[in-house]
Every structure is written in structure tokens, then in C-alpha cells.
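Visitor: Residue numbers (the numbering used here), protein chains in the order written: chain A, 1 to 233; chain C, 234 to 466; chain R, 467 to 686; chain W, 687 to 906.
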Amino acid sequence: MNGFDKVVGSYEEALAGLSDGMTVISGGFGLCGIPEGLIAQIRRMGVRELTVVSNNCGVDGFGLGVLLEDRQIRKVIASYVGENKLFEQQLLNGDIEVELTPQGTLAEKIRAGGAGIPAFFTATGYGTPVGEGKEVRHFNGRPFILEEAITGDFAIVKAWKADRYGNAIYRHTAQNFNPMAATAGRITVMEVEEIVEPGELEPSQIHTPGIYVNRLVLGRFEKRIEQRTVRAG
Amino acid sequence: MNGFDKVVGSYEEALAGLSDGMTVISGGFGLCGIPEGLIAQIRRMGVRELTVVSNNCGVDGFGLGVLLEDRQIRKVIASYVGENKLFEQQLLNGDIEVELTPQGTLAEKIRAGGAGIPAFFTATGYGTPVGEGKEVRHFNGRPFILEEAITGDFAIVKAWKADRYGNAIYRHTAQNFNPMAATAGRITVMEVEEIVEPGELEPSQIHTPGIYVNRLVLGRFEKRIEQRTVRAG
Amino acid sequence: MALTREQMARRAALELRDGDYVNLGIGIPTLVANYVPDGIRVMLQSENGLLGMGPFPTEDAVDADMINAGKQTVTAITGAAIFNSAESFAMIRGGHVDVTILGAFEVSVHGDISSWMVPGKLVKGMGGAMDLVAAARNILVIMTHADKSGASKLLDACTLPLTGAACIRKVLTDLAYLEIADGAFHLKERAPGVSVEEIVARTAGNLVVPSDVPEMRFAL
Amino acid sequence: MALTREQMARRAALELRDGDYVNLGIGIPTLVANYVPDGIRVMLQSENGLLGMGPFPTEDAVDADMINAGKQTVTAITGAAIFNSAESFAMIRGGHVDVTILGAFEVSVHGDISSWMVPGKLVKGMGGAMDLVAAARNILVIMTHADKSGASKLLDACTLPLTGAACIRKVLTDLAYLEIADGAFHLKERAPGVSVEEIVARTAGNLVVPSDVPEMRFAL
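Here it is in C-alpha cells:
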């Protein structure tokens with residue numbers, strides 16, 4: 001192969017270099033489209049004092065929630081952290097710090113991090129606790145607050161299919177935060193359900209161009225469902 | 234049909250309401266992926282004093298260049314305006330004003346306009362004529378300048394296929410500025426090579442969701458080539 | 467009589483116009499989708515990246531990769547579009563969603579809204595609520611007129627931390643439909659059988675009562 | 687002897703590493719693609735939205751919808767990706783492109799570059815050049831050492847309006863390969879047959895000359 005072949009043979013290789021105190025950006029929304037195997041590998045590695053950037057922090061015993069069990073996370077930047085008793089307990093004990101960020105601002109901060117935009121103005125959060133201490137500026141007579149970009153030492157991402165160059169597509173709403181996370185890691189690691197050969201994905205239909213992906217690993221996924229809601233057949 | 238059917242029957246309907254002095258954002262790069270028919274309609278309408286936001290301004294007699302012939306454009310915001318003698322002449326005569334904007338900054342300003350981001354910082358243009366008079370701020374020790382969003386009264390966009398709801402896909406590099414332009418018009422008008430029924434486009438593969446599109450018209454395209462370069466077969 | 471949840475949803479649905487793109491919050495707002503009037507079609511936006519949300523799936527169609535912002539399994543309608551979270555909030559923040567309907571703890575005469583944080587209780591997060599209220603041009607808040615202890619939720623100033631400032635113009639409660647303008651709630655409709663006096667008594671914030679307050683209707 | 691355009695392209699190609707994503711400007715930089723050393727693969731980014739640019743098409747494969755940033759008809763390699771202009775410049779601005787090679791009118795000892803505007807001449811625009819120089823971590827400027835009148839293009843300060851400030855670290859001219867650091871050009875290699883004295887004479891900006899300046903090589 002060649003220098004563009006991003007495939008690595010194991011989760012160990014995929015996360016080599018991740019160490020204590022690093023910032024990890026994770027794709028996923030709730031338990032949908034989360035990099036299950038990479039999270040499990042972080043647990044196995046035992047790295048600690050992590051800052052985790054993710055819309056949510058998993059549930060008890062699944063997703064990012066598993067990193068709470070051995071207290072590997074020092075700080076979480078998220079928009080919503082319910083659904084997790086261990087998290088609540090560590091938060092109340094002061095063992096973990098949480099920086100709540102509006103969901104759209106979080107998505108945009110990660111996009112900005114990947115896109116070389118150090119900061120942007122948004123109306124979201126003005127006049128609320130989120131806006132406290134942030135610069136306010138008016139444009140067209142309306143107040144906006146300044147929000148800064150987020151980047152990570154690692155980004156962990158889950159896609160559906162990727163070719164060996166790391167060009168990837170996501171399935172349904174499992175896309176969510178994954179494409180932004182992929183752009184914002186100093187090292188971006190992607191796990192996928194299927195690795196295909198270059199050329200199998202239509203170039204204009206690629207969600208994440210391979211330039212953002214450093215390591216690609218074939219994963220296996222449980223795909224747990226958080227709220228199974230059905231209607232009568 | 235229903236309130237989501239964006240199809241109109243003619244170019245006249247497509248651009249109804251466009252009037253003197255308005256700002257029009259156009260998709261396209263060079264002559265690739267330009268809304269040929271909508272531009273021709275603007276010429277037929279004879280509206281004047283337009284501000285045109287587009288990466289380029291066409292060539293003599295084609296693309297946005299045709300709007301120069303009857304002096305319909307007062308100002309152009311673009312990254313590159315070569316290839317056009319009439320433009321040069323009107324610029325030298327002071328008949329037209331040009332605001333040169335770096336290509337990436339232009340793309341981001343239009344995206345920001347559509348995304349409700351009034352302004353953002355970028356390193357592009359710092360220390361150059363583009364940065365003059367703009368606020369400079371340092372992040373991580375590096376200087377950046379503040380750039381403001383662009384929105385238009387109208388956006389004119391060319392896509393490949395769209396369904397009746399306005400969900401659209403672009404073909405090859407004819408994508409370029411079109412998806413951003415589509416988000417930034419108070420009224421966004423799209424012309425396409427083919428109109429399909431809802432459901433024919435795969436939901437996760439849609440480039441421009443229909444929410445951005447107000448009017449959709451079936452177009453015909455010459456697709457002139459600016460630099461025909463070939464290799465021996 | 468105070469409105470039932472279903473009546474509130476039914477009244478709220480009358481705010482929808484054919485062709486509206488709509489974001490519905492959890493709780494009563496979600497029910498609004500069940501009462502869209504005949505001849506009106508709306509398209510539901512779910513902020514995790516789905517435009518054209520459909521009903522829950524049948525058992526055999528459940529797909530872990532297909533959820534809504536409430537993390538429930540859902541379907542997509544024919545003609546839906548799916549995209550990433552930055553695009554989804556670009557759509558919201560940029561004002562492209564026509565109507566947002568969501569719940570609240572408190573609303574003030576200035577259009578401030580509190581809906582995410584009760585000091586002393588564990589704070590789970592604002593999710594997408596702050597983005598939605600900061601961006602939508604047309605927001606309808608649905609909530610009970612008073613809290614469980616009977617205290618009014620329509621106030622001169624919110625007592626809880628805000629979700630957004632000066633962004634709410636319309637409030638539907640179990641007692642009334644009100645519009646917010648010029649630092650006051652303007653009573654526009656009352657629930658059937660509910661007197662103006664009762665609404666006045668239960669509204670803590672500055673309330674403007676016109677000479678005629680019609681009873682609420684539930685159909686166009 | 688001053689280098690030919692082909693020699694300059696050949697020398698520049700030695701800066702490329704296997705797996706590099708590369709943006710090539712028009713002119714000599716474009717030629718670099720023809721001299722990528724054996725065993726090295728690079729992927730070309732074209733800022734109009736193409737990652738994995740291939741050669742020009744054969745006559746029967748010409749497609750108006752498939753062009754590069756120079757507006758030339760091109761092809762895409764197997765494994766290419768195509769995207770919009772905002773994404774393309776997110777990629778560039780975010781520092782994801784490994785190497786940028788472009789031309790210039792002037793370069794200064796501080797790494798400033800002028801490449802887009804000559805006062806008195808009609809200004810056509812900067813295109814994507816300002817974004818590229820502001821963003822790339824690794825930029826190689828290729829230009830002649832002197833302009834047509836013989837005036838040095840390597841200066842203590844640029845005289846023309848800048849394309850970017852303090853962003854250039856490497857310059858290849860027809861006479862030499864130089865690196866920029868600490869407010870000086872550092873002479874690293876000289877073109878075959880060109881003396882250090884000639885380079886010194888033709889370099890207006892502060893130049894640091896080490897005791898040994900090897901002749902340029904054109905293969906690894």
C-alpha cells in the first residue's frame with residue numbers, strides 16, 4: 001500500500017500515544033453513532049485525567065459511561081449529561097468537572113477547531129449562565145457572545161463505511177457530531193463497520209474526506225438503543 | 234401538492250421580487266456550476282444597481298459577465314475577477330466597485346450568513362490590504378482578523394438534481410460555492426438539471442436540505458468550459 | 467376548566483401553516499404533531515440531524531442508527547434529509563426553522579425564558595434548547611400557568627437561570643393564550659370555562675387584558 | 687547556471703513525503719506533480735473542492751463539471767473526495783493540507799510574501815492564495831531569484847502589498863534553496879554551477895551564508 005493507507009490492525013495501534021491528561025473529542029449523540037470499541041480501548045489503556053468533549057457522556061455501563069467507572073475522566077464538555085447515575089455521583093462529589101455547552105455551540109466550536117477559526121460570535125447563550133464572562137458584541141442591533149474553538153489531542157469517531165484512505169460515510173442519524181469531531185483531532189482515529197477499497201464510495205457523496213483521518217480500524221458494534229419507541233405494526 | 238413543493242414553472246416566477254439595489258449571492262466557480270438561466274433572467278428583468286456576491290464574475294458574454302453589458306451591477310464581492318475585459322473597463326471607469334475577498338474567507342462569510350454566525354476570526358488576510366481597518370485579536374499568540382457574515386436578498390444556485398421539496402445534490406466540482414449560497418439568501422432560488430420525486434435521493438446523501446430552498450426551477454445549461462485542457466488518449 | 471395536554475397540543479397546532487419547518491421539544495410539544503389540521507403539512511426538524519422526522523418505527527423497523535433528539539427510535543418521511551449536528555444547528559441558528567414549540571419553567575414579560583436549570587437540583591444540561599430559543603423567529607412556549615405549588619410561571623422577571631433572553635413572543639398555558647409585547651403579557655384567548663378573573667389572579671407578571679377575551683377554539 | 691523550470695520543479699518535488707496532501711499553485715508549482723520521486727505518493731488538493739486531483743482528461747472524458755482551481759478540466763483519482771468551498775477552505779485553514787507550493791513576486795526575511803497585487807496594474811484578486819499562505823504549516827515558494835529587470839525578489843521587506851505575513855519558511859529560486867529564520871535568508875543549497883558570490887550579489891535581503899553550501903541535488 002502507500003502513505004494514504006490509514007488502516008491499522010488493532011485498537012491498540014489505533015489509540016497508541018493517548019496518555020494521561022489529554023483532551024479527547026468523541027462523536028456520537030446519546031448512544032447513537034458512538035465509537036464503542038475505541039471507548040472500550042481507552043478503558044483498557046487506563047489513561048486518566050482525560051478531558052472528554054462529547055455531546056453526552058454515555059449511560060451507566062455503556063458508551064463514555066464506562067470511563068467513569070475507573071475515574072478516567074477529569075472534565076466533560078457536553079450539552080447534556082443526564083441518564084448517568086455514576087456521573088451524577090462523581091459530579092456531586094467534585095470528582096469530575098462539567099462544562100455545559102449549548103448543543104449547537106458545541107457543534108460549531110468543534111467545527112471551528114477543525115476549520116482554523118479560533119472564535120466566532122453567536123446569539124446562543126446571551127443573557128444566560130453560558131454567556132457569563134464572555135465578550136458581548138452587537139451586530140445589527142442584536143447581542144451576541146464570543147465563543148472559542150475546541151480542538152483535541154485525539155478525536156474518536158464512528159463511521160459506517162470508509163475506504164482505506166479514510167474517506168468515510170455515516171449511516172442515518174449516526175452521523176451527528178462525528179464529521180466535526182473528525183476534523184478537530186490532532187490525531188483522528190476512526191472505527192467503522194466496513195472498510196472498502198478506494199473508489200467504492202462516490203467522491204461527491206463522502207461525508208468525511210480522508211485527509212482528516214489518521215488511523216482507521218475495523219470495529220464491532222453492539223449499537224445499544226437508549227429509548228426504544230415503536231408503534232403498532 | 235403541498236406547502237413543501239418548491240417547483241415554479243418559469244424563470245420569471247423564480248426571480249419574482251428581485252428589484253433594483255438588491256444583493257444577490259451566486260453559486261459557481263469560474264463558469265462551473267453557475268446558475269446560467271437565472272443569470273440570464275436577471276438580465277432580461279433589467280434590474281440595476283445590484284450587489285453581486287460570487288467567487289468570480291463570469292467572462293465576457295457568459296455567466297455573470299452578461300450583467301455587465303447593461304451595467305446592472307454596482308458592486309461585486311469576489312475573490313478573483315480576471316478573465317473579463319468589460320469588467321476591467323467598468324472598474325477603471327469607476328462604474329463598478331469591487332471588494333476583493335480571499336476565497337476561503339468568502340466561502341466562510343457566506344456560510345456564516347446562512348448559519349446565524351454574525352462574525353468570526355480568521356488568520357487569512359492579516360497583515361495584508363484585506364486586513365486593513367479590521368479588528369485584530371490574538372489567540373494562542375497568533376494574530377487573527379474579524380470578518381463579518383454575508384447574506385443576500387436573493388441567492389441563486391445551480392444544482393444537479395433536486396426533489397420537489399428542494400433537497401438537492403451537486404455534480405462533481407460544480408458543487409463549489411452553491412451549498413453555502415443556498416443557505417444565505419432571504420429568498421433562495423435553485424435551478425437544476427433534473428427534478429425528481431421526494432424519496433429518490435438518499436436522505437444522508439443530500440448536499441442541500443430543502444429547508445434552504447424557496448423556489449426550484451428546471452433549467453437548461455450550456456455549461457461552457459473556461460480552460461479546456463486535455464491529455465492524449 | 468384548565469386545558470388537558472391534548473387540548474393544549476390541539477390549540478398549539480393551529481399556529482402551524484402549510485409548509486412550515488417545525489422543531490418540537492419533548493413533552494406536550496411532541497404531541498402537537500398529532501393534531502396538525504387537515505390540509506396543512508409541516509416537516510419536523512430534529513436537532514440531532516434529521517429534517518422530515520416520521521412516526522416511531524414498527525417493531526421490525528427499529529434501527530439504532532435512526533433516532534431523534536430525544537434519543538427515541540424514529541423513522542424518516544419520504545423526502546427527508548439527514549445531516550451532521552453543525553449543519554443542523556446552522557439551520558436552526560440561521561433562522562431557517564419556521565416554528566419552534568417548547569416547554570418552560572418560567573416566562574417573563576420581556577420574553578425571557580427559563581427552562582433548563584433549577585438551582586439546588588442536579589443540572590443535566592441545556593441540550594439544544596438555548597440554540598433553539600436564540601434563533602427561531604417564531605417560538606411558542608407551552609406550559610402550565612402555575613407550578614405544582616400554585617405559583618405563577620408568568621412573571622415580571624424570571625427567577626431561574628435563563629435559557630434565552632427576550633426571545634419569546636407567544637405563550638400557551640392550560641388557562642390562556644398570551645402574546646408578549648412592550649413588557650407585558652397580552653391576554654388573547656382564555657380556555658373554555660376559565661374566567662378572565664382567574665387568569666388575572668394566576669398571572670404574576672404584568673398582564674394586559676383587553677375588553678373582549680374570546681374563548682379558545684381548537685379548530686380553524 | 688540558473689535552474690530551468692523543470693529543474694526547479696524536480697528539486698521542489700524532493701520536499702514531498704509519502705502520504706502528503708499537497709496544494710500546488712499555478713505555474714511552476716503545477717509542474718512539481720510530474721516529478722514526484724518513485725515510492726512517494728502524494729494527493730493533490732484543489733481548493734475549488736477536490737481532494738485527489740488527477741491528470742487532464744482525455745478528449746472524450748472532458749466534463750464541464752470537473753475542473754480544478756485554475757478552471758482547467760481535470761480528472762479525479764480513484765479514492766478522491768469532492769466537497770464544497772467552505773469545506774475545502776476549512777481543510778486548508780485548519781492546517782490539514784501538509785504542503786503548499788506556490789509562486790511569489792517577493793519574499794522577505796521575515797517570511798512575508800507578496801504574490802497577488804502590483805499597484806498600478808489591474809488587480810484581479812487573490813483567489814485562494816491568502817487562505818493558503820495563512821494556513822499551511824509547510825509552504826515552499828518557488829520563484830526566480832530576480833525579476834526581469836534583475837532586481838532581487840528576496841528582500842528585507844516586501845515592497846508590494848502582502849499576501850501573508852510571517853508565513854514563509856522555505857524558498858526555492860532558480861539560483862538557490864533558502865530557509866527563512868530569525869530575520870534572515872539562510873542559504874542551504876546552490877544551483878549547480880552557481881557560485882555563492884553570485885547568490886550573495888543577487889540577494890537584497892539579509893543573507894546568512896554557512897561555510898559550506900552544497901550544490902543542489904535533484905534526486906533523493
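All C-beta atoms, glycine included, are put in the ideal place defined by N, C-alpha and C.
If you're wondering where the values come from, they're calculated on a predicted model, not measured in any experiment.
1. Measure the C-alpha to C-alpha separation of leucine 325/C and serine 312/C and round it to an integer number of angstroms.
2. Quick one: which residues of the region 141-167 of chain A get their C-beta closer than 7 angstroms to a C-beta of chain W? List them in chain order.
3. List, in order along the chain, the chain C residues whose C-beta lies closer than 9 angstroms to that of phenylalanine 120/A?
4. Excluding sequence positions up to five away, which residues of its chain have a Cβ less than 7 angstroms from the Cβ of alanine 851/W?
5. Beta-carbon of leucine 808/W versus every beta-carbon of chain A: anything under 8 angstroms?
6. For threonine 849/W, collect the residues of the same chain with a Cβ closer than 7 angstroms to its Cβ; drop the 5 residues on either side in sequence, then sort them by chain order.
7. Closer than 8 angstroms, Cβ to any Cβ of chain C: which residues of the region 471-498 of chain R, in chain order?
8. So, at 6 angstroms on beta carbons, what are the nonlocal neighbours of valine 748/W in its own chain, with the 5 sequence-adjacent residues on each side left out?
9. So, asparagine 214/A versus arginine 727/W, is the Cβ gap smaller than 8 angstroms?
10. How long is the line joining the alpha carbons of glycine 399/C and alanine 414/C, rounded to whole angstroms?
11. Is the separation between the beta-carbon of isoleucine 306/C and that of valine 280/C shorter than 8 angstroms?
12. Taking 6 angstroms as the limit between beta carbons, can you name the residues of its chain near arginine 111/A, skipping five residues before and five after?
13. Using C-beta distances below 8 angstroms, list every residue in its chain close to glycine 789/W, excluding the 5 sequence neighbours before and after it, in chain order.
14. Does the contact criterion of 3 or more C-beta pairs under 8 angstroms hold for the region 405-412 of chain C versus the region 246-263 of chain C?
15. What residues in the region 39-72 of chain A bring their beta carbon closer than 9 angstroms to a beta carbon of chain C?
16. Inspect the beta-carbon positions of isoleucine 117/A and alanine 168/A and report whether they are closer than 8 angstroms.
17. Using a Cβ-Cβ cutoff of 9 angstroms, what residues of the region 537-562 of chain R are near chain C? List them in chain order.
18. Just to make sure I have the definition right: I need the residues of chain C whose C-beta is within less than 9 angstroms of the C-beta of phenylalanine 139/A. Which are they?
19. Counting only the same chain and skipping the five closest in sequence on each side, list residues whose C-beta sits under 6 angstroms from that of glutamine 511/R.
20. With distances taken from CA atoms, which of Glu701/W, Gly756/W, Gly735/W is nearest tyrosine 721/W?
21. Is it true that the CB of phenylalanine 571/R sits closer than 8 angstroms to the CB of proline 442/C?
22. Can you find a C-beta in chain R that's less than 8 angstroms from the C-beta of tyrosine 359/C?
23. Quick one: Cα of asparagine 56/A to Cα of valine 81/A, how far?
24. How far does the alpha helix (DSSP H) with methionine 519/R in it reach, from first residue to last?
25. By how many angstroms is the C-alpha of glutamine 323/C removed from the C-alpha of aspartate 303/C?
26. Could you work out which residues of chain C lie near isoleucine 753/W, taking near to mean beta carbons separated by less than 7 angstroms?
27. State the Cα-Cα distance for the pair threonine 122/A and phenylalanine 144/A, rounded to the nearest angstrom.
28. Below 9 angstroms on C-beta distance, what does proline 916/W contact in chain C?
29. Tyrosine 313/C versus chain A: which residues are under 9 angstroms apart at the beta carbon?
30. Counting only Cβ pairs nearer than 7 angstroms, list the residues of chain R close to proline 179/A.
31. Distance check for serine 551/R and asparagine 514/R, CA to CA, integer angstroms please.
32. With a threshold of 8 angstroms between beta-carbons, can threonine 183/A be considered close to chain W, or not?
33. Going by DSSP, what residues sit across from glutamate 645/R in a beta bridge?
34. Note down, one range per segment and in chain order, each beta strand (DSSP E) of at least 3 residues found wholly within the region 285-368 of chain C.
35. What are the residues that DSSP puts in a beta bridge with phenylalanine 262/C?
36. Going straight from the alpha carbon of arginine 635/R to that of histidine 652/R, what length do you get?
Guide: Walking through what the data contain:
1. 18 angstroms
2. Asp163, Tyr165, Asn167
3. Ala345, Ile350, Pro351, Ala352, Phe353, Phe354
4. Asp798
5. no
6. Ile799, Ser800, Ser801, Trp802, Met812, Ala815, Met816, Val819
7. Arg483, Asp484, Gly485, Asp486, Tyr487
8. Thr759
9. no
10. 14 angstroms
11. no
12. Met180
13. Gly711, Ile712, Gly713, Ile714, Pro715, Ser801, Val827, Ile828, Met829
14. yes
15. none
16. no
17. Ala542, Ile543, Thr544, Gly545, Ala546, Ala547, Ile548, Phe549, Ala552, Glu553, Phe555, Ala556, Met557, Ile558, Arg559, Gly560, Gly561, His562
18. Pro351, Ala352, Glu381, Ala382
19. Tyr487, Asn489, Leu517, Val563
20. Glu701/W
21. no
22. no
23. 5 angstroms
24. Not the alpha helix (DSSP H): methionine 519/R falls in the beta strand (DSSP E), residues 516-519.
25. 11 angstroms
26. Gly263, Cys265, Thr406
27. 5 angstroms
28. One cannot answer for residue 916/W here, as it falls past the ends of chain W, which runs 687 to 906.
29. Near tyrosine 313/C there are no residues of chain A at all, since even the closest Cβ is about 21 angstroms away, more than 9 angstroms.
30. Asn550
31. 6 angstroms
32. yes
33. Lys636/R, His652/R
34. 306-311, 330-333, 352-355
35. Cys265/C
36. 10 angstroms
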